[in-house]
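A.B. asks: Pasting a structure below so you can have a look.
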Amino acid sequence: MASQPSRKRRLEVEDIGDIAVVNFVDKKILDEQNIQMIGDDLFRLVDELGRRKVLLNFGNVEFMSSAALGKLITLHRKLQAVQGKLVLCKIAKDILDVFKITKLDKILTIYPDEQAGLQGF
């Protein structure tokens, strides 16, 4: 039986009560394949694991391509469809500027730190 090629984990998920707190492993989320894997992992939280409250902590992320923004919007919609909620926190200023330009800051719930994000549910 052939073994699956090991793939580096892109996300670290910690459960705090009924909230799935997601930390990104990569400092730069730019590569299309990585973004696809991150999206798949995030969607799995909702679709397969039945999570309804997801907090994305961007504390480790320095750069993020616009393709990654699409995954966040899809995740937001998936959670909305099941009466769930997506909250983001600790977004670097440069990335936050992109959120503001694209008006994503109006669609997504964003907090300055994880504690505030947890209380946002």
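So for the sequence shown, this note's numbering puts the first residue at 12; every next one is plus one.
Cβ atoms here follow ideal geometry from the backbone N, Cα and C, with glycine treated the same way.
Values in this document were obtained by computation on a predicted structure and should not be read as measured data.
Apart from the five residues on each side of it in sequence, which residues of its chain come closer than 8 Å, Cβ to Cβ, to D51?
C.D. replies: Numbered from 1 along the sequence shown, position 40 holds the residue referred to as residue 51. Excluding residues within five positions, none has a Cβ falling inside 8 Å.
A.B. asks: Buried or exposed: where does D37 fall if 16 or more other Cβ atoms within 10 Å of its Cβ makes it buried?
C.D. replies: Residue mapping note: residue 37 aligns to position 26 of the sequence shown, counting from 1. The residue is buried, with at least 16 neighbouring Cβ atoms inside 10 Å.
A.B. asks: In or out: R88 buried (at least 16 other Cβ within 10 Å) or exposed?
C.D. replies: Stepping through the sequence shown from its first residue, residue 88 is reached at position 77. Exposed, by the Cβ-count rule.
A.B. asks: What three-state label does DSSP hand N45 in the structure shown?
C.D. replies: Within the sequence shown, residue 45 is the residue found at index 34, counting from 1. Three-state DSSP puts N45 in a helix.
A.B. asks: Where does F69 sit, in a helix, a strand or coil, going by DSSP?
C.D. replies: As a working note, residue 69 is residue 58 in the sequence shown. Note: F69 maps to coil in three-state DSSP.
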